[in-house]
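Sequence lines, in order, name chains U and S.
Sequence positions in the first sequence follow this note's numbering and run 149 to 467.
Sequence positions in the second sequence follow this note's numbering and run 149 to 467.
All C-beta atoms in this analysis are idealised placements derived from N, C-alpha and C, irrespective of residue type, glycine included.
Number of protein chains: 2
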Amino acid sequence: MDEAVRPHWIAVDWGTTHLRAYAMDGQGGVLARGHGLGMGALSAGDAGASRQANFEAALLGAVEPWLSDRPVALIMCGMVGSRQGWCEAGYLPVPQSLFNLCEALAEVPAKDQRLTPFIVPGISQTDPYDVMRGEETQLAGYVSQASGANSTVSGRVCLPGTHAKWARVESGAVIHFSTAMTGELFDLITEHSILAHSVSDDALDSEAFRDSVLAAYHDPACLTEALFSVRAEGLLAGEDGVRARGRVSGLLVGAELAGAKLEPGEPVTLIGAPKLCVAYSEALAALGLDAALLDGEAMVLRGLSDIHAQLVERRAISA
Amino acid sequence: MDEAVRPHWIAVDWGTTHLRAYAMDGQGGVLARGHGLGMGALSAGDAGASRQANFEAALLGAVEPWLSDRPVALIMCGMVGSRQGWCEAGYLPVPQSLFNLCEALAEVPAKDQRLTPFIVPGISQTDPYDVMRGEETQLAGYVSQASGANSTVSGRVCLPGTHAKWARVESGAVIHFSTAMTGELFDLITEHSILAHSVSDDALDSEAFRDSVLAAYHDPACLTEALFSVRAEGLLAGEDGVRARGRVSGLLVGAELAGAKLEPGEPVTLIGAPKLCVAYSEALAALGLDAALLDGEAMVLRGLSDIHAQLVERRAISA
């Protein structure tokens, strides 16, 4: 019989589409993983107490095998802290030190006495208006890992995805950020627009991707014309879904990179799913820019671990 | 009892969403109107003969009260001539005189002997790839109306819509054109993206529209970031759906105008639905550019009337 998993604490990355739970040891290591429904499937329709019960049940489904009689701390980040989530965790304004997130943790009133859940706040900006929720924890992991004993990190960080974030970090603080709707537009265009039947389901021509990155980067005003041209090319020159997917993806990423207003030679740190980060690094390479790639899951766990360690120190909760 | 409508010929504008039929007298006047299903509702699933029967039935539903024993010519334009339509009408390449469309009419094999239907060809371009279908007939109407006895018209023409066309016309010919997916992206974003709940169903703040036109025109790379900012403003400053709709519309139109690469002071002719043309003329005015507005339906009928007159001349069909 397997020995029961008894984590020191539990890390939870709970976004719109997935709940990912990690049973953590005392040194930032992962003892076991669990998963469950994302916020999108839990928040629809219900309000108040019944919605909160849905969230607690989904969490228990993922972590119950790890629970004992002794209460355990859970540090959660992501859309679970939004207004439509389990419990609103608010936003900290920019400029914001990424070492400060622990100070604004929201304590979630769970019915199950074995759970002591907290949610990490998001970060907001008013000029121009923008919000992030979940990415602040990855950024906290990044500055924690990249900062030396006496220095803290600065630079441009991109977190590609449905809503790609571009953050300007100075001395361990986010001073400005923006959000490109690249992933969401890609999904809408390839699944619901007139291009849906022109684009392959998966494979992507990397030469078409690179050429389209350059075209949209150097002339972002051409974006929507160039998208329609993908459809026209299919009609006039024969359908090539793999090439079409490369073009749509490249055009959107190229326009995003133009919007990021990178300085010549400015290095970029990419944090996210490895496959997506590789695509972005190829796009940046086409522009002659270097990128460092960091795994998004590792950064979430590092950020949540630091926040948990601060919580233990400040509140003397059980570690 | 009403006198039966007996048209000299029938004009048909048959796009993706609507069939519009017009019983025409011999002088370009409209005796009566009919309507029916667009190509999108007729082409799905079926192929070959059964699809053709669907189209013929839809047409008869719109025009049958006007038919007598004597065959009548129908001149049709729009997506009815696409590969998924009733009968493919092909494309004429740019540069292309808009007085030549009659030469490439496709004759449709109708089962009902009372119908003698023809479809106007589209126009294609290979550098970059682009296609139009339906707009060529509006452009033909425009050059017919705007050309004097001894001169033909030149200028920039915009036909706003789901897929907005920008044509460069010289001496009555289309020499280059492009297609911005503005209308389709607006619908996808306001109905299916994270912005869906931030945007009002109808009313639009015209100051937000104008400001956003200018922002996207001067920095089209900001487009997707600015779209997400509409959502963030709703979260942080309170939802204002009328303002949000103005911003989304203005950002997309401003990016389209940047893509059109207009010369300073270059006048634009707008052809389309009056309300949409007014919005575009306001956007152009914000950039200091003048616009002439022409009704899209009037241009279709003028273009189809000219094509019919040429057909009568060349083939000696009954007028």
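N-terminal and C-terminal residue of the alpha helix (DSSP H) that residue i is part of
i, result
"PRO422(S)", "422 to 434"
"LEU208(S)", "196 to 211"
"ILE158(U)", "First-last for ILE158(U): 157 to 162, but that is the beta strand (DSSP E), not the alpha helix (DSSP H)."
"LEU375(S)", "371 to 385"
"ALA288(S)", "283 to 294"
"ASP359(S)", "354 to 366"
Proximity of residue i and residue j at Cβ, strictly below 8 Å
i, j, result
"SER341(S)", "LEU336(U)", "yes"
"THR338(U)", "GLU404(U)", "no"
"GLY209(S)", "GLY233(S)", "no"
"ALA254(S)", "LEU240(S)", "no"
"SER346(U)", "ASP278(U)", "no"
"LEU343(U)", "VAL390(U)", "no"
"HIS311(S)", "PHE376(U)", "yes"
"ALA221(U)", "LEU459(U)", "yes"
"HIS156(S)", "GLY182(S)", "no"
"LEU410(U)", "LEU437(U)", "yes"
"TRP214(U)", "ALA180(U)", "yes"
Distance, residue j Cα to residue i Cα
i, j, result
"HIS456(U)", "CYS250(U)", "8 Å"
"ALA467(U)", "ILE158(U)", "Below a pLDDT of 50, predicted positions are generally treated as unreliable, and ALA467(U), at 48, falls in that range; the measurement from the model is reported next regardless. Near 11 Å, if we compare the C-alpha coordinates of ILE158(U) and ALA467(U)."
"MET447(U)", "GLU373(U)", "38 Å"
"ILE267(U)", "ALA288(U)", "14 Å"
"ARG104(S)", "MET187(S)", "Nothing can be reported for residue 104(S): it is not among the residues displayed for chain S, which extend from 149 to 467."
"VAL317(S)", "LEU442(S)", "16 Å"
"ALA152(S)", "ALA392(S)", "50 Å"
"ALA205(S)", "LEU263(S)", "12 Å"
"LEU470(U)", "ALA369(U)", "For chain U, the structure presents residues 149 to 467; residue 470(U) sits outside this window and is missing."
"HIS166(U)", "LEU207(U)", "11 Å"
"ALA427(S)", "VAL401(S)", "9 Å"
"ASP349(U)", "GLY420(U)", "22 Å"
"MET399(S)", "ASN202(U)", "Residue 399(S) is actually Leu in this sequence, not Met. Cα to Cα, the separation comes out at about 38 Å."
"VAL322(S)", "ASN248(S)", "11 Å"
"GLU381(S)", "SER272(U)", "10 Å"
"MET280(S)", "PHE357(U)", "26 Å"
"SER429(S)", "ALA434(U)", "39 Å"
"ALA131(U)", "VAL396(S)", "Because chain U spans 149 through 467 in this model, residue 131(U) falls outside it and cannot be assessed."
"ALA431(U)", "VAL160(S)", "47 Å"
"ALA315(U)", "ALA363(S)", "21 Å"
"GLU461(U)", "TYR365(S)", "52 Å"
"MET149(S)", "THR164(S)", "Model confidence at MET149(S) stands at a pLDDT of 49, short of 50, so the residue's coordinates are unreliable and nothing is read from them."
"PRO257(U)", "GLU236(U)", "12 Å"
"ALA385(S)", "ARG231(U)", "14 Å"
"SER191(U)", "PRO276(S)", "45 Å"
"ARG450(U)", "SER354(U)", "33 Å"
"SER299(U)", "MET172(U)", "28 Å"
"GLY196(S)", "PRO219(S)", "24 Å"
"VAL211(S)", "PHE334(U)", "42 Å"
"ASP454(U)", "TYR290(U)", "11 Å"
For residue i, the first and last residue of its enclosing beta strand (DSSP E)
i, result
"ARG316(S)", "312 to 318"
"THR327(U)", "321 to 328"
"GLN130(U)", "This structure cannot speak to residue 130(U), because chain U is shown only from 149 to 467."
"GLY182(U)", "178 to 185"
"ARG393(S)", "Run containing ARG393(S): none in the beta strand (DSSP E); it sits in the alpha helix (DSSP H), 389 to 407."
"ASP454(S)", "Premise fails: ASP454(S) lies in the alpha helix (DSSP H), 444 to 463, not in any beta strand (DSSP E)."
"ARG154(U)", "Counting along the chain, ARG154(U) falls outside any beta strand (DSSP E), and DSSP gives it neither H nor E."
"LEU410(S)", "Counting along the chain, LEU410(S) falls outside any beta strand (DSSP E), and DSSP gives it neither H nor E."
"VAL220(U)", "220 to 225"
"GLY303(S)", "303 to 307"
Of the listed residues the options, nearest to residue i (C-alpha basis)
i, options, result
"ASP359(U)", "LEU375(U), VAL211(U), ASP388(U), GLY394(U)", "GLY394(U)"
"TRP162(S)", "TYR170(S), HIS156(S), PRO155(S)", "TYR170(S)"
"GLY296(S)", "GLY282(S), ALA152(S), LEU240(S), GLY320(S)", "GLY320(S)"
"LYS423(U)", "ALA201(U), THR285(U), LEU307(U)", "LEU307(U)"
"SER302(U)", "ALA363(U), PRO368(U), VAL416(U), ALA427(U)", "VAL416(U)"
"GLY270(S)", "PRO219(S), CYS225(S), GLY309(S)", "CYS225(S)"
"GLY238(S)", "GLU284(S), LEU222(S), LYS259(S)", "GLU284(S)"
"PRO243(U)", "ARG463(U), THR274(U), LEU410(U), ILE223(U)", "THR274(U)"
"GLY309(U)", "GLY444(U), ARG450(U), PRO213(U)", "GLY444(U)"
"PRO412(S)", "ARG154(S), ASP454(S), ARG304(S)", "ARG304(S)"
"MET227(U)", "GLY282(U), GLN261(U), VAL211(U)", "GLY282(U)"
Residues, ordered as in the chain, of the stretch 310 to 344 of chain U that lie near chain S by beta-carbon distance below 7 Å
HIS311, SER326, THR327, ALA328, MET329, THR330, GLU332, LEU333, LEU336, HIS340, SER341, ILE342
Residues, ordered as in the chain, of the stretch 276 to 289 of chain S that lie near chain U by beta-carbon distance below 7 Å:
PRO276, TYR277, ASP278, VAL279
So if I threshold CB-CB distances at 9 Å, which residues from the stretch 365 to 397 of chain U count as touching chain S?
TYR365, ASP367, PRO368, ALA369, CYS370, LEU371, THR372, GLU373, ALA374, LEU375, PHE376, SER377, VAL378, ARG379, ALA380, GLU381, GLY382, LEU383, LEU384, ALA385
Going along the stretch 258 to 274 of chain S in order, which residues come within less than 7 Å of chain U, judged by CB to CB distance?
SER272, THR274
Using Cβ-Cβ distances below 7 Å, what residues of the stretch 396 to 412 of chain U are close to chain S?
ALA403, GLU404, ALA406, GLY407
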